[in-house]
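Residue numbers (the numbering used here), protein chains in the order written: chain A, 0 to 407; chain B, 171 to 471. Cβ atoms here follow ideal geometry from the backbone N, Cα and C, with glycine treated the same way.
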């Protein structure tokens, strides 16, 4: 009984004590919630840029202040500029569309073309895949359809200094074959490309590529590339069986002559089966040379580039072996920030006939900004059929979105 | 053959000595890395101080440097967007690929200004959507970069971490002293208005109390137009602005024409170490610019 009374007398005291503790706990929780609300509000109003760096302004104090750990971690990862950027920069690839609209006037000779044409809308989608690779896709939308101009995976972190690519690629045969339409210094492609290297598409196929920088004397960049293709490249190579693979090889040497002048030399080789028959092969040999000048202090105003490419072919035909030859020589001088003038002379035999075409062009290019240009080209071509074409070609090019930089 | 052998030996010497090879995109970053790393590392820059860092050609000769680099330090904020990516990809160097331990974006711990708000389009010119990339022109950011470099080098070369820490502390002390001098030199001219060619001086102006009242470029990356130039002239006359700051890689014709019509003066101010021969490090960069500006401010009202 006494025990019961004791318990009864203690209960209210305990209840009062519990209530006080509970109240204190609730107050603490309320304060914590308020603090968290403040933090959330502060985070919402904070700028995206790392103004979050809490470095005090007094130099003496700064020396003692360690880096915020979160920022310290970030420096070892991809560039992270803030929440707004994260979704677009990390999870979406860089995307760009490049439009090329062209027109022609005058007598076209033996190769008629459109008076006005939306030549191409190139859509580029490029991103890093993972720590070991990046992917690049270039879709070419024409007026009559879409095709994959290039789409490849680049393994940039292979051991032994190798770099590999797998996918559909423009072959590394010479210089111009690797150029997309919007990186050409002319409205058209030279006759040697039209006649011997597959025209607008060039030597372009699905395949594997491996390249390596080779040991060389100091200051010389020497790179060797070997590529294996399925063997289908319209107008040049055709694969009839699985083992009809095409091969391309290139050796490139580069050297700075001074800080503003450099020279770039290359030798290329390509082999594949002829479109004329499964038992016939075509071999192509190419040499190219480029001299560039760009004074560093006035790099945005003046530059000069001279380039030549020569291609020799050895094409088996049903009853003979054709040995066509073609070349072009071109130059481009930047007069002012927005203006460039250029010229080109080209001559080329045709791959499947004994005809030879010869042409010359002068060009004027105006660039309102880095993202657009207007180009005019006066072209005179003497075709092998003894027809002469005098034409005025013009072109508008413009780029929207984030287009990655091009290799040199 | 003997020359080749000598070259190979020289190339191997740096590695044998355990020195990390650092490549930076600009000479400013190279100078800050040198301050921290001293002779325990080797460092070289891709861009020269007198060239426009937005427009560097990605030459294969740079690949030879990047191929061997242990650490790549870049300005970031899209400054090198037009040229660095293909170089890094083609370098065949896993150590400096984005995300690797040897890839360091120096902007990540810095105070970044001019981050555009709202919709960004190319109608605004060659705008930097991630903020102004010329942030190294505030010594406080130089200090932040040096600290990040010290952390990175210490991870790369743990055996020299103490030396890097000592050198950072020494740099910090010297920079603190220099900052006091630079600030006292510029103190009489706080609030002065200037015109600049490109938007390179936001961090510098904020730090030293200048106001950039206008730009020779109508929009970032867009060359001067006659109508905008007239606006600049009117603005300079109205506000009695006398100095036009021009980076060493821009044409001086338009700024000089503006100066003639306003009684002003063109100042070729250096955004980078190496802009002129005698400016060889980060301290000399501010010494040069502040001496030049303070001297001119003292002469003009």
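Of the candidates 401/A, 405/A, 406/A and 407/A, 401/A places its Cα closest to the Cα of residue 290/B.
Within chain A, no residue has its CB atom less than 9 angstroms from the CB of residue 367/B, the nearest being about 12 angstroms off. Proximity to residue 94/A across 102/A, 136/A and 274/A peaks at 136/A, based on C-alpha coordinates.
For the stretch 268 to 280 of chain B, the set of residues with a beta-carbon nearer than 9 angstroms to any beta-carbon of chain A comprises 268, 269, 270, 271, 273, 274, 275, 276, 277, 278, 279 and 280, in chain order.
No Cβ of chain B is located within less than 9 angstroms of the beta carbon of residue 97/A. If the five residues before and after residue 261/A are omitted, its C-beta is found closer than 6 angstroms to the C-beta atoms of 255 and 291, all from its own chain and listed in chain order. With contacts defined as CB atoms closer than 9 angstroms, residue 330/B and residue 323/B qualify as a contacting pair.
At least one CB of chain B lies nearer than 9 angstroms to the CB of residue 407/A. Under the DSSP definition of a beta bridge, residue 282/A partners with 270/A and 313/A.
Look at residue 323/B: its C-beta is not under 9 angstroms from any C-beta on chain A.
Listed along the chain, the chain A residues whose CB falls inside 7 angstroms of the CB of residue 392/B are 368. Contact with chain A is absent for residue 214/B, since none of that chain's Cβ atoms lies less than 9 angstroms from the residue's Cβ. Taking 9 angstroms as the cut-off, the beta carbon of residue 403/B is found closer than this to the beta carbon of residue 431/B.
Contact between the stretch 281 to 298 of chain A and the stretch 204 to 216 of chain A is not established, with fewer than three Cβ pairs separated by less than 8 angstroms. Nearest to residue 359/A by C-alpha distance, out of 195/A, 382/A and 339/A, is 382/A. In the structure shown, residue 409/B adopts helical secondary structure according to DSSP, grouped into three states. The stretch 394 to 447 of chain B contains, as complete alpha helix (DSSP H) runs of 4+ residues, the segments 396 to 409 and 423 to 432 (chain order).
Where residue 367/A is concerned, the enclosing beta strand (DSSP E) starts and stops at 355 to 368.
Bridge partners of residue 287/A according to DSSP: 265/A and 308/A.
Non-local beta-carbon contacts of residue 283/B in its own chain, meaning distances under 8 angstroms to residues more than five positions away in sequence, involve 301, 302, 305, 372, 373 and 376 in chain order. Judged by their CB atoms, residue 277/A and residue 269/B are not nearer to each other than the 9 angstroms cut-off.
Within the stretch 199 to 269 of chain A, the runs of beta strand (DSSP E) that reach at least 3 residues and sit entirely inside it are, in chain order, 203 to 213, 219 to 228 and 245 to 255.
Per DSSP, residue 193/A is one residue of the alpha helix (DSSP H) stretching across 190 to 195. Straight-line spacing of the CA atoms in residue 396/A and residue 113/A works out to 17 angstroms. At a C-beta separation below 7 angstroms, residue 287/A has no neighbours in chain B, since its nearest C-beta there lies roughly 14 angstroms away.
Burial of residue 456/B is indicated by the presence of at least 16 other C-beta atoms within 10 angstroms of its C-beta.
For the stretch 112 to 137 of chain A, the beta-carbon criterion of a distance under 7 angstroms to any beta-carbon of chain B is satisfied by 127, 130 and 133. The three-state reading of DSSP puts residue 299/A in coil, since its state is none of H, G, I, E or B. The beta carbon of residue 426/B sits closer than 8 angstroms to those of 436, all from its chain and outside the five residues before and after it, given in chain order. Near chain B, meaning a CB-to-CB distance below 7 angstroms, the residues of the stretch 263 to 296 of chain A are 293, 295 and 296.
At the C-beta level, residue 421/B and residue 300/A come within 9 angstroms of one another. Burial state of residue 312/B is buried, judged by a 10 Å Cβ sphere holding 16 or more other Cβ atoms. In this structure residue 265/B is in contact with residue 239/B, their Cβ atoms being roughly 7 angstroms apart against a cut-off of 8 angstroms. Cβ neighbours of residue 118/A within its own chain (closer than 6 angstroms, five residues either side excluded): 99 and 101. Here residue 376/B is not bridged, per DSSP, to any residue.
Residue state for residue 282/B is assigned as coil, using DSSP reduced to three classes.
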